[in-house]
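Read the structure below first, then the notes.
Numbering (the working numbering), first residue to last: 42 to 846.
Here is the structure:
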């Protein structure tokens with residue numbers, strides 16, 4: 042019996058045999074491949090996911106998991122043409138850890154950032170349900186909007202069944218990252234630029250050149266903790282024929298602290314009679330440019346001739362280029378696809394080419410593949426496609442490939458300063474390098490005292506390949522050679538005295554295999570905290586029954602659309618003051634009673650600095666001191682073992698206004714989870730030596746629509762030393778932790794600092810930061826396919842106990 046099928050792209054109707062139900066067919070009109078649904082509903086195939094989806098469905102909030110090979114959206118671009126009737130819809134899928142709090146999608150607010158001027162790159166984040174503020178077109182709070190709880194995915198989660206995960210790598214210390222304000226420019230190479238060469242056949246790729254590129258381009262199948270993803274790579278290092286280049290997001294390692302893939306399969310001559318397969322491992326990843334270097338070792342087959350990689354500085358608009366790769370993975374077959382395209386723009390950042398914009402030729406699955414000129418030489422690496430317009434694609438310039446192969450700085454970490462025996466200030470530093478081929482000969486750091494920069498910016502001095510000149514007001518520059526063991530260099534800086542009005546400056550440098558010295562940008566150095574004295578301390582928790590204190594708690598959620606360094610960030614800031622009373626105290630623990638001393642507040646701060654109040658909270662905040670009373674139970678080490686709230690007043694309120702009662706309960710649960718995130722665990726022995734560490738584990742709820750699974754926070758506390766503040770001796774304890782879910786499918790990093798009163802072991806000041814990168818999909822109309830965005834969420838918790846009331 043014939044069945045009806047409709048192409049989801051052009052709406053062409055077909056009468057097909059019933060044997061074709063559930064199979065893939067190609068539309069003769071628009072050439073779109075779609076699946077013939079058994080219920081006669083057409084479904085478009087998008088990327089590697091072959092699961093059906095309703096065609097042209099009306100935008101709704103829904104869950105969607107991300108293909109690891111789906112490309113990043115550009116950070117900048119035009120935003121005109123959005124109709125007034127367009128509906129902004131956030132589609133957040135998967136699960137995320139937020140210390141037990143559900144983070145809501147602020148659809149209209151994030152749309153404000155996106156459609157001002159910059160549709161950003163792919164990534165991941167999550168605002169708490171309590172933190173989402175609905176606003177009307179006039180920018181005023183709109184408290185009557187319904188709250189929809191999203192389903193938020195872990196970073197780069199592919200569309201496939203989950204597989205057994207790998208153990209998380211050991212936790213490192215939690216330093217202050219002092220990433221250079223301006224990354225070093227890609228080094229000049231000795232390869233001639235395309236504009237300086239005689240172009241063969243007027244830019245046309247010859248048959249011989251095409252076959253050479255096809256042989257050097259490989260198909261990648263990557264097994265991640267969450268499933269299997271696909272992508273493209275190529276041999277592109279003549280000095281090391283065992284190296285393959287691809288995108289960092291293809292191997293699931295675009296985010297800092299990403300877990301390594303479980304396996305990488307490389308298919309050479311994919312789909313051909315002489316196809317052969319080998320395995321690869323990740324040598325290095327450049328998160329900034331989205332590049333990864335793979336090593337296949339010594340395979341049993343001859344390796345193809347690596348391609349020549351050129352800078353893109355010689356390219357011009359309308360130059361013809363050729364895109365090689367495997368669009369949509371194996372859905373179109375395992376054979377390689379070659380498409381001609383044109384350069385439509387060269388997008389610059391900080392004076393250097395950051396992305397090549399290509400007109401056509403790039404699609405999902407081409408990620409990591411080569412884009413070559415008429416000579417068959419690589420000028421770019423496919424990285425992104427504009428989801429709403431497949432004619433707009435983006436590539437990483439070839440000079441970025443040389444930068445990662447030759448080695449360059451990633452970031453500089455400033456750790457806890459301390460006083461030496463001579464009462465001088467010493468600072469441990471760690472310089473992280475991207476050095477996949479172990480070519481960097483030396484890394485070091487120039488340190489000096491100079492004038493403070495004007496304004497609030499840290500004031501970067503530019504990168505250089507020659508010795509930078511000292512500026513007026515600089516002290517002599519002191520060079521520290523770091524103890525370098527790939528990929529990290531370490532040293533302890535002895536800081537000079539700091540005169541009034543001056544500040545410390547640092548400038549990293551390194552020497553590559555050719556003996557060339559590169560200087561990264563110079564920046565002011567901010568110490569992570571006041572210096573400590575490294576001496577042993579007794580850390581024992583003691584409470585006195587009846588003691589009353591004020592406890593200030595701030596929870597701030599920072600959302601950055603695009604990347605971690607984006608300026609277009611908005612903040613949801615919650616402030617609470619609690620009255621804390623010790624109701625019982627003993628050798629096995631204590632019981633604390635908490636009430637709201639003042640009504641709480643929650644504000645949304647836009648990038649412009651404008652603040653919007655949460656209208657829903659404004660209606661009920663005055664009731665918190667009267668209706669909310671909770672109890673916290675601590676063990677003898679300071680861990681929160683139980684929290685409870687007297688729900689009788691809320692049940693009474695629910696009889697007249699259930700919505701307000703539920704809102705108060707949800708808000709207070711967020712506060713409870715924030716307090717748990719800020720609880721320090723003291724060492725079980727009661728004493729600690731400098732730099733001694735101990736571990737703790739915390740269970741965290743991971744909320745998704747319809748279910749709640751248990752996550753885990755693996756924490757390492759490190760005792761740094763003692764300092765005196767306000768006439769009180771305080772122990773400084775740092776914290777570093779990894780957040781992960783079931784089967785390691787969810788990840789994140791937490792770091793913090795705690796000041797503990799040595800007289801009673803109580804935490805006086807606690808600061809914790811959780812960083813997550815998540816994926817979100819945005820549709821600007823009912824007709825447009827959702828656009829995938831990269832978003833970074835940073836959750837900051839701060840708690841301070843004041844003197845007795």
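Using N, Cα and C, we set each Cβ at its ideal position, and we do this for glycine too.
Would you check if the distance between the CB atom of residue i and the CB atom of residue j is smaller than 8 Å?
| i | j | result |
| --- | --- | --- |
| residue 275 | residue 348 | yes |
| residue 778 | residue 754 | yes |
| residue 794 | residue 808 | yes |
| residue 432 | residue 487 | no |
| residue 261 | residue 272 | yes |
| residue 674 | residue 632 | yes |
| residue 445 | residue 475 | yes |
| residue 355 | residue 381 | no |
| residue 492 | residue 543 | yes |
| residue 466 | residue 551 | no |
| residue 740 | residue 713 | no |
| residue 420 | residue 329 | no |
| residue 534 | residue 490 | no |
Three-state secondary structure (DSSP) at residue i?
| i | result |
| --- | --- |
| residue 707 | helix |
| residue 561 | coil |
| residue 411 | strand |
| residue 665 | helix |
| residue 777 | strand |
| residue 290 | helix |
| residue 580 | coil |
| residue 588 | coil |
| residue 168 | Per-residue confidence for residue 168 stands at a pLDDT of 33, beneath the threshold of 50, marking its modelled position as unreliable; the derived number appears in the next sentence. It is coil, neither helix nor strand. |
| residue 418 | coil |
| residue 483 | strand |
| residue 714 | helix |
| residue 439 | helix |
| residue 273 | strand |
| residue 395 | strand |
| residue 469 | strand |
| residue 811 | strand |
| residue 869 | Residue coverage of the chain in this structure runs from 42 to 846, which leaves residue 869 outside it and unanswerable. |
| residue 702 | helix |
| residue 404 | coil |
| residue 372 | helix |
| residue 446 | helix |
| residue 731 | coil |
| residue 254 | helix |
| residue 249 | helix |
| residue 690 | helix |
| residue 719 | coil |
By a C-beta neighbour count over all protein chains shown, 10 Å radius and 16 as the cutoff for buried, is residue i buried or exposed?
| i | result |
| --- | --- |
| residue 668 | buried |
| residue 265 | buried |
| residue 24 | Past the edges of the chain, shown from 42 to 846, lies residue 24, and the structure says nothing about it. |
| residue 725 | exposed |
| residue 6 | As displayed, the chain neither begins before 42 nor continues past 846, which places residue 6 out of reach and without an answer. |
| residue 766 | exposed |
| residue 440 | buried |
| residue 569 | buried |
| residue 520 | exposed |
| residue 351 | buried |
| residue 539 | exposed |
| residue 250 | buried |
| residue 141 | Residue placement at residue 141 is flagged as unreliable, the pLDDT there being 35, under the threshold of 50; a coordinate-derived value is accordingly withheld. |
| residue 359 | exposed |
| residue 565 | buried |
| residue 567 | exposed |
| residue 689 | exposed |
| residue 341 | exposed |
Which whole runs of the beta strand (DSSP E) in the region 606 to 642 are 3 residues long or more, in chain order? 610 to 627, 630 to 637
Would you check if the region 306 to 320 and the region 439 to 456 touch, i.e. whether three or more CB-CB distances between them fall below 8 Å? no
Would you say the region 270 to 284 touches the region 756 to 766, given that touching needs at least three Cβ pairs under 8 Å? no
Within 8 Å, do at least three Cβ pairs link the region 358 to 374 to the region 252 to 261? yes
Segment contact, 8 Å Cβ cut-off, at least three pairs: the region 621 to 641 with the region 581 to 599: yes
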